[in-house]
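If you read the protein sequences in the order shown, they are chains A and B.
Using the numbering used here, you'd call the opening residue of the first sequence number 77 and step up by one each time.
Using the numbering used here, you'd call the opening residue of the second sequence number 19 and step up by one each time.
From the three backbone atoms N, C-alpha and C, an ideal C-beta is built for every residue, glycine too.
Keep in mind that this is a model prediction, so the values were computed, not measured.
Step one of this worksheet: look at the structure below.
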Amino acid sequence: MKTRIKEYRAKYDMTQEELARRVGVRRETVVFLEAGKYNPSLKLACGIAKVLKATVEELFVFEAKELG
Amino acid sequence: MNEKLSVLLKGTVFALVALTMLLFSAMLFLKGSSLYSMLIAIIAVVIILFGAKFVKGRYELVRNGIPQEDERTDRVMKNAGYYAFLGTIWVLLGLMWYAGTGVEDHGFPGILPRHVAAVGIVASAVMFGTFYLYFSRKEDV
Numbered sequence: 077m078k079t080r081i082k083e084y085r086a087k088y089d090m091t092q093e094e095l096a097r098r099v100g101v102r103r104e105t106v107v108f109l110e111a112g113k114y115n116p117s118l119k120l121a122c123g124i125a126k127v128l129k130a131t132v133e134e135l136f137v138f139e140a141k142e143l144g
Numbered sequence: 019m020n021e022k023l024s025v026l027l028k029g030t031v032f033a034l035v036a037l038t039m040l041l042f043s044a045m046l047f048l049k050g051s052s053l054y055s056m057l058i059a060i061i062a063v064v065i066i067l068f069g070a071k072f073v074k075g076r077y078e079l080v081r082n083g084i085p086q087e088d089e090r091t092d093r094v095m096k097n098a099g100y101y102a103f104l105g106t107i108w109v110l111l112g113l114m115w116y117a118g119t120g121v122e123d124h125g126f127p128g129i130l131p132r133h134v135a136a137v138g139i140v141a142s143a144v145m146f147g148t149f150y151l152y153f154s155r156k157e158d159v
């Protein structure tokens with residue numbers, strides 16, 4: 077999984093800590109998410125998409141084989 | 019629960035555990051068992067240091083408006099609990115073998131029930147801590 081969270085966060089000049097605070101998670105979770113190393117719940121994915129004014133599909137990019 | 023109160027309660031638990039161990043260590047020292055007394059005192063100091071770092075970290079999070087726990091830490095806790103539970107069962111099975119076959123057939127020194135309980139508690143705590151550290155650094159949980 078690849079994510080574009082970092083790119084969108086930069087677009088809104090938002091720190092990892094600020095994003096973490098706004099979606100109610102720890103900063104480490106944002107770090108893992110940005111690195112594509114954590115598969116979030118649908119609720120968290122939607123929360124991040126809402127804060128970054130994007131869609132879930134724009135933020136989380138899966139390769140076809142990852143989706144089965 | 020109020021986040022600051024939650025941090026205070028966690029700090030109190032660390033302090034009480036360390037205090038109990040220090041008292042136990044003092045009792046052992048007075049009974050003349052200085053080696054075990056020192057060992058337990060060292061463990062108590064490690065708990066105090068770890069607890070202070072833990073509480074400070076949690077307090078910083080609360081002060082910055084960041085939750086202490088989130089869905090990832092929940093998954094880490096559940097995984098660590100699951101594997102610590104399985105590991106403790108294996109440790110207790112090992113002790114059962116030791117207390118039965120080991121002592122009776124191989125002449126190993128006998129163990130008291132309180133030792134079995136102590137090993138079970140310590141093993142589960144150590145395994146939970148180890149698995150917690152492992153899963154908190156693991157890429158996907």
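Look at the alpha carbon of lysine 22 of chain B and the alpha carbon of histidine 133 of chain B, and state the distance between them as a whole number of angstroms.
37 Å
Inter-residue Cα distance where the pair is lysine 74 of chain B and alanine 141 of chain B:
26 Å
Can you have a look at tyrosine 84 of chain A and say buried or exposed, based on whether 16 or more other CB atoms are within 10 angstroms of its CB?
buried
In the DSSP assignment, the alpha helix (DSSP H) including proline 85 of chain B goes from what residue to what residue?
Careful: proline 85 of chain B lies outside any alpha helix (DSSP H) and carries neither H nor E.
Can you name the residues of chain B whose CB is closer than 7 Å to the CB of glycine 100 of chain A?
Pro85 and Asp88
Shortest alpha-carbon distance to glycine 101 of chain B belongs to which of B/Leu53, B/Gln86, B/Gly50 and B/Phe153?
The residue you asked about is not glycine; residue 101 of chain B is tyrosine in the sequence shown. Out of B/Leu53, B/Gln86, B/Gly50 and B/Phe153, B/Phe153 has the C-alpha closest to the C-alpha of tyrosine 101 of chain B.
Quick check: is any heavy atom of the ligand NAP less than 7 Å from the C-beta of valine 140 of chain B?
The ligand NAP is absent from the structure shown, which contains no ligand whatsoever.
Can you tell which of B/Asn97, B/Glu89, B/Arg155 and B/Asp123 has the C-alpha that lies nearest to the C-alpha of proline 116 of chain A?
B/Glu89
Residues of chain A with a CB under 8 Å from the CB of asparagine 82 of chain B: which are they?
Residues of chain A passing the Cβ test: Glu93 and Arg97.
Chain-ordered neighbours of aspartate 123 of chain B on chain A, where CB pairs are closer than 8 Å:
Chain A residues near aspartate 123 of chain B: none, gap ~49 Å exceeds 8 Å.
Against glutamate 157 of chain B, what residues of chain A qualify as contacts under a CB-to-CB distance less than 7 Å, listed in chain order?
Against chain A, a Cβ distance below 7 Å from glutamate 157 of chain B picks out Lys113.
Return no unless some Cβ of chain A is closer than 8 Å to the Cβ of leucine 151 of chain B.
no
May I ask you to report which of helix, strand or coil DSSP gives valine 137 of chain A?
In the three-state reduction of the DSSP assignment, valine 137 of chain A falls in the strand class, which pools E and B.
Using DSSP with H/G/I as helix, E/B as strand and the rest coil, what is lysine 156 of chain B?
coil
Beta carbon proximity, leucine 120 of chain A to chain B, threshold 8 Å:
yes
Starting from the Cα of phenylalanine 136 of chain A, find the closest Cα among A/Leu109, A/Gly144 and A/Lys129 and give me that residue.
A/Leu109
Taking 8 Å as the threshold, find out whether the segment 108-116 of chain B comes into contact with the segment 122-136 of chain A through three or more Cβ pairs.
no
Starting from the Cα of phenylalanine 146 of chain B, find the closest Cα among B/Glu157, B/Ala117, B/Leu130 and B/Gly105 and give me that residue.
Comparing Cα-Cα distances from phenylalanine 146 of chain B to each of B/Glu157, B/Ala117, B/Leu130 and B/Gly105, the minimum goes to B/Gly105.
DSSP bridge partner residues for threonine 79 of chain A (one or two, in chain order)
Partner(s): A/Phe136.
Thinking C-alpha only, which one of A/Gly100, A/Lys78 and A/Met77 is nearest valine 127 of chain A?
Out of A/Gly100, A/Lys78 and A/Met77, A/Gly100 has the C-alpha closest to the C-alpha of valine 127 of chain A.
For a cutoff of 8 Å on Cβ pairs, would you count threonine 105 of chain A as touching chain B?
yes
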